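Numbered according to the working numbering, the sequence shown spans residues 235 to 561.
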Amino acid sequence: NIESLFEVQFMDFGTGGTDQEWTPVNISPQSTQGHAVESNYASQEYGSWGDLAGSPWLYNLYKKERTTDNRLDPRLYWTLVTYEPEYDSYTGLKTAAYPDGDPRKNVVYKASVTRTPLSNTAQGGISIAKFTYARADKTEAVTTGLHCGINIRLMRYSDVLLRAAECENELHGPTQIAIDYINQVRERVALPPLQLDDFPTADHLFEQIANVERPKEFGCENGRGIDLLRWGFFYDEGRLQQLRQHGFYRLPGTGEQPVAGTDELTEETATRSTYDSYYKGHEYFPIFQGTLNANPKLTGNSANKSSDNSTSFKERYNIRPVVNLND
Numbered sequence: 235n236i237e238s239l240f241e242v243q244f245m246d247f248g249t250g251g252t253d254q255e256w257t258p259v260n261i262s263p264q265s266t267q268g269h270a271v272e273s274n275y276a277s278q279e280y281g282s283w284g285d286l287a288g289s290p291w292l293y294n295l296y297k298k299e300r301t302t303d304n305r306l307d308p309r310l311y312w313t314l315v316t317y318e319p320e321y322d323s324y325t326g327l328k329t330a331a332y333p334d335g336d337p338r339k340n341v342v343y344k345a346s347v348t349r350t351p352l353s354n355t356a357q358g359g360i361s362i363a364k365f366t367y368a369r370a371d372k373t374e375a376v377t378t379g380l381h382c383g384i385n386i387r388l389m390r391y392s393d394v395l396l397r398a399a400e401c402e403n404e405l406h407g408p409t410q411i412a413i414d415y416i417n418q419v420r421e422r423v424a425l426p427p428l429q430l431d432d433f434p435t436a437d438h439l440f441e442q443i444a445n446v447e448r449p450k451e452f453g454c455e456n457g458r459g460i461d462l463l464r465w466g467f468f469y470d471e472g473r474l475q476q477l478r479q480h481g482f483y484r485l486p487g488t489g490e491q492p493v494a495g496t497d498e499l500t501e502e503t504a505t506r507s508t509y510d511s512y513y514k515g516h517e518y519f520p521i522f523q524g525t526l527n528a529n530p531k532l533t534g535n536s537a538n539k540s541s542d543n544s545t546s547f548k549e550r551y552n553i554r555p556v557v558n559l560n561d
């Protein structure tokens, strides 16, 4: 991929050796040299452990905008595994996002599907396509263990562009320079360009970057948590409530199959939120108790103490307020 700046390499189908258990043998000379992300992300219907899943909020965020030729955002296809009837009408066509032929089709692990695969968890999450072979036409099921050979990308050029837009907006407010950075990313996926006049304040453009552009571009790439920390979203009640809304899920009823939830959920229709169990200070991992026991001079961090980090953060940084982009 020509836009990849830094990635961790793995061997296809874990062909480096025979060891595929967890530590210590997965770092042995006989390790397969593959990774196990696919075993966590893919649908349990296809042999995954099904530990992680995409949210209904992310799914519906992709569905809110269409490309310049009125098709779905292509990033939805490569991020979340859902059945979309219109994919079958795209296959092979020269579309705005794929001028050489659109690869999208309702096929998962080489099998045609007529519905979205069942939820990865009991919380209605959607199985994840990124870092898996779900869309690759290579295997008919997940090979659990350390076998996946898809490289893990840690830095892409689009991240540079969106960070540049964010910095420009922080320093100078909404400017055409910031808009142009964002539009380079949107042009790649054939979305209509943003217009500067639609963002009257720096808060408006930040909201677009933080809760539209970055989630759709980097969904399920493991960087969202770091973004939330550096933006201070855990230290503002409005932002915490927004995170709670983004984490809404619906539990299946008695006797119901764990269907992947694609409906946009509200306080009334959701069962719970993934942020219901958040406690102040636990935005960070605690220092291991064994480490604390070994060194009596260590006192632990906010997660060990369940202490609030908001005061120290606000002394140094500004937290952008929630803005409704539809107003």
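C-beta: ideal position from N, C-alpha, C; glycine also. Computed from a predicted model, the values in this text were never measured in an experiment.
query	result
According to DSSP, residues forming a beta bridge with residue 482	507
First through last residue of the alpha helix (DSSP H) which encompasses residue 460	458-465
Cβ neighbours of residue 366 in the same chain (closer than 6 Å, five flanking residues each side left out)	272, 275 and 276
As assigned by DSSP and simplified to three states, the class of residue 386	strand
Given 8 Å, three or more beta-carbon pairs between the segment 276-288 and the segment 302-311	no
Same chain, Cβ closer than 8 Å to residue 421, neighbours up to 5 away in sequence not counted	427
Whole-angstrom distance between residue 331 and residue 288, CA atom to CA atom	23 Å
Sufficient close CB pairs (3 or more, under 8 Å) joining the segment 386-402 to the segment 523-536	no
Simplified DSSP assignment, three categories, for residue 306	strand
DSSP-derived helix/strand/coil call for residue 288	strand
Secondary structure of residue 345, DSSP reduced to three states	strand
Rounded separation between residue 342 and residue 325 - CA only	14 Å
Cβ distance (whole Å) where residue 352 is taken to contact residue 442 below 8 Å	Not confirmed; about 34 Å, so no contact.
For residue 522, the residue or residues it bridges with in DSSP	DSSP lists no partner for residue 522.
Identity of the residue in 241, 239, 291 and 238 nearest residue 496 by Cα	291
Beta-carbon proximity check, residue 268 vs residue 380, cutoff 8 Å	yes
Own chain residues within Cβ distance below 8 Å of residue 316, not counting five before or after	293, 310, 350, 360, 494 and 496
Beta-carbon proximity check, residue 201 vs residue 548, cutoff 8 Å	One cannot answer for residue 201 here, as it falls past the ends of the chain, which runs 235 to 561.
DSSP three-state assignment for residue 432, whether helix, strand or coil	helix
Bounding residues of the alpha helix (DSSP H) (the contiguous stretch that carries residue 400)	391-406
Same chain, Cβ closer than 6 Å to residue 509, neighbours up to 5 away in sequence not counted	477, 478 and 481
Proximity below 8 Å, CB of residue 374 to CB of residue 419	no
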